[in-house]
Each structure stands twice: as structure tokens, then as C-alpha cells.
Amino acid sequence: MDWLNLTLFDLASYLIDANQRIFILYLITSALIASVIYAFSQRKPGLVHFLLNRKIWLHASSVADYKIWIINKFIRVILVTPLLFSSIPIAIWVNELISTFQGPAGLPQTATLTQAFGFTLILFLLDDFSRFLLHWLMHKIPLLWAFHQVHHSAEVLTPFSVYRIHPVESALYALRMVLVQGLSIGIGTALFAINLTMLDILGANLFIFGFNILGANLRHSHVWFVWPSWLQHWLICPAQHQMHHGRQVKYYDCNFGTCLSIWDKLFFSFKLAPKVKPYRLEFGLAKTPSQSAHKLTNLYFLPIKYAWLSLVSFLKKRLNIHFK
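Residue numbering for the sequence shown follows full-length UniProt numbering, starting at 1 and increasing by one per position.
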């Protein structure tokens, strides 16, 4: 039962871990920003109702978010984490590859502040682009969309919706992080110094901390937090991500990015968010909403069925392989 106690402790530790979206400081700043938005919106019947609306936080979709968050933590500990490999072999390979081109660099043991900043920036850029690319692929490849649609099936959004993902998607993102860490360490040790230091705030990458503290939790919320157009061209604002969750066809395939907008511009998927929330913006999948959409058995097992059907369809069309 030690692993059970450890997992329950890990769930609670999300509130004090700056690498988690629901870190208490991120939640507080998001609530403060939402309060300012409320103050200028002339809404009724009150701030508490606006922030903690029972129809949102106790909606069947939100309850499913909470359950998936807890269940996935157990699945990750038992099944996903043991399958992941270390990033060190990747780092060594990348370091040696770069060294073959530039030769022995005679780098210092310890990085300077400038070198640490460079390494932190490389890690941030690789992390942000890899998140974008995997997200983009999950929308474009039917086999991957079968799993990613679990996230998009949310019909109301709360900060916990970020954890509404299928275990297969969770494993893909974990694998992505291993690759990013390996590449970053390999590049950093080849270019800067043997012993690298990431610039962080409370253990989180400097750039990611800054982005999250500026209301990132409102990405998954009912609060329309839109930034000036010029800033949206550089950074994805919460309102742009809410558009990405839109059920309507006009919101399909836009704003895949996490932090930077440049990736969406390069892939022609960038879309500005208007100052006022679109009246008919609804969240969820295109099909008609239903209570069964939030049943755990459907959320966990139907994607496997859809993925299999997608694979069979691909093999039939491309390779002319037929299944009886």
C-alpha cells in the first residue's frame, strides 16, 4: 500500500509544485485576473458565483475531469513511468554528434549566467515546439485523434481540464519530455558547459513560470481573458486556447500552441481572439452533447476502439490489407 499512499501524496503535491498547472500561486493569480475581469464586466449575481459557479465546477464534464486526473495518476505510476527510458543516452549521443563537427570545445565546468540563460531558453523552445507538434499531430492523424478527443470532449472548462487526457496521450507527452530533456542537455553540454544550470523560479523553468503566472489557468475556464492583438501574435492567450476548444467548425484546427504563437503561424493555424467572447462559442466535440460522453468507461475504452478502427481503415486503404 506504500505506492497508494505515495500517489495520494503526489496528488496533493500538485498544489505546491510550480511545474504543475494547478500550483497554488498560478491558481491565485488566475483568480485575481478573473476578479479584475469581473469587476469591469458588470456581471451578476456576485464575484464568488462568477468564480465558483456550481453549474461549471459540478458539471458532469468537470466531475469526469477530477476522476480522470486521479485515475491517470495511478495508471502513470503503475504502467507509464516504468516504460520510460532515461534521457541521458540521448544527451550523450547529441553531445557526441555536435562534438564531431566542432571538435573538443574545452568548455568550463560551470556555466556562466549567460550560458545558463541560453540553456534555459533552448529547453523552453524545444519544450514548447514539441508540445505544439505533438498536439498538431494528434489533430491531424486519426489514430492519435482517437485518444486526444477525450480532452476535447470537455463541455465546460476548469483548470483541471488540462488533466483530462487519455493514458495513451499522457504516455506520448511523457515520452516527448524525455526526448526534449535529452536533446536540451546534449546541446547545452556541447555548447555551454559541462555542468549546466537551468534558471528557474521555485523549480520551474523561468519562461514557463512567467507564462503560467500570467493567468495560464484561464485557458481552461469560462473566463474570457484576451490579450492585445500585437501580443497575441507572439504569445497564445487564454482566449485563443478557448477558441481551440470550440465545438463549431470555424474553430477547428486553430491555435495549437501552448506558449508561443510562432509555431501556429508557421503551420498556418494561427487565429486571433476577439475582444469580446463569441456569443455562440461552445466547448466539446461536434456531435450532440450527452451524459454518456463523460462516462469513464467510454472515455477510457472507446478511444481504443476508435484507434483500432482507424488503423484498420488505414491498412485497407494504403496497404490493401483486409481483415475478416
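Glycine included, C-beta positions come from ideal geometry on N, C-alpha and C. Since we're looking at a predicted model, the values are computed, not measured.
Start-end ranges of the alpha helix (DSSP H) lying completely within the stretch 149 to 209, minimum 4 residues: 167 to 191
Environment of H49 [buried if 16+ CB atoms lie within 10 Å]: exposed
Selected residue, minimal CA-CA separation from L199, among F209, L191, A190: F209
Among R247, H220, V249, the one whose alpha carbon lies nearest that of P238: H220
Member of V77, T258, L218 whose CA lies at the smallest distance from the CA of A171: V77
Residue from G188, G246, C259, G118 whose Cα sits closest to the Cα of residue 370: Since the first residue shown for the chain is 1 and the last is 324, residue 370 is missing from the structure and cannot be characterised.
Among A18, L272, H59, the one whose alpha carbon lies nearest that of Q232: L272
Residue from S229, C254, G186 whose Cα sits closest to the Cα of S268: Per the sequence presented here, residue 268 reads as Phe, with Ser not at that position. F268 has its Cα closest to that of C254, out of S229, C254, G186.
F119 and L11 closer than 8 Å at C-beta: no
Buried/exposed call for T158, threshold 16 Cβ in 10 Å: buried
N298 - containing alpha helix (DSSP H), residue span: 296 to 318
Assigned exposure category for S204 - 16 Cβ within 10 Å defines buried: In the sequence on display, residue 204 carries Ala and not Ser. It is buried - the Cβ of A204 has at least 16 other Cβ atoms within 10 Å.
CB contact flag (residue 347, L15, <8 Å): Given that the chain is displayed from residue 1 to residue 324, the structure contains no residue 347 and the question cannot be resolved.
Opening and closing residue of the alpha helix (DSSP H) in which P278 lies: No alpha helix (DSSP H) contains P278, which DSSP labels as neither H nor E.
Contact test: M177 Cβ vs the ligand GTP heavy atom, cutoff 7 Å: Ligands in the displayed structure: none, and consequently the ligand GTP is not present.
Helix, strand or coil at L11 according to DSSP, with G and I counted as helix: helix
C-beta contact flag for F283 and V156 at 8 Å: yes
Cβ-Cβ separation, I122 to I187 (assumed contact under 8 Å), whole Å: 6 Å
Same chain, Cβ closer than 6 Å to G182, five either side skipped, listed in chain order: S87, I90, A91
Reduced DSSP secondary structure (H/G/I, E/B, other) of G118: helix
Cβ-based neighbour list, I37, same chain, cut-off 7 Å, excluding 5 preceding and 5 following: V223, F225
L296 vs A64 beta-carbon contact at 8 Å: yes
Pair within 8 Å by beta-carbon distance, R164 and I68: yes
Classification of T189 by the beta-carbon crowding that lies within 10 angstroms, buried from 16 upward: buried
Assumed close pair I213, T100 - CB separation to whole angstroms, cut-off 8 Å: That belief does not hold up - the Cβ atoms of I213 and T100 are roughly 41 Å apart, past 8 Å.
For A235: DSSP bridge partner residues: In the sequence on display, residue 235 carries Leu and not Ala. Paired residues: L260.
Proximal residues to S61 (C-beta, below 6 Å), its chain only, five neighbours per side dropped: A154, E155, V156, H294
Simplified DSSP assignment, three categories, for I132: First, the residue type needs correcting, since residue 132 is Phe and not Ile in the sequence shown. F132: helix per DSSP, three-state reduction.
7 Å Cβ shell around Y26 - same chain, five flanking residues per side excluded: N212, I213, A216, N217
Element boundaries [alpha helix (DSSP H), containing W57]: 54 to 57
Alpha-carbon spacing of L281 relative to M243, whole angstroms: 8 Å
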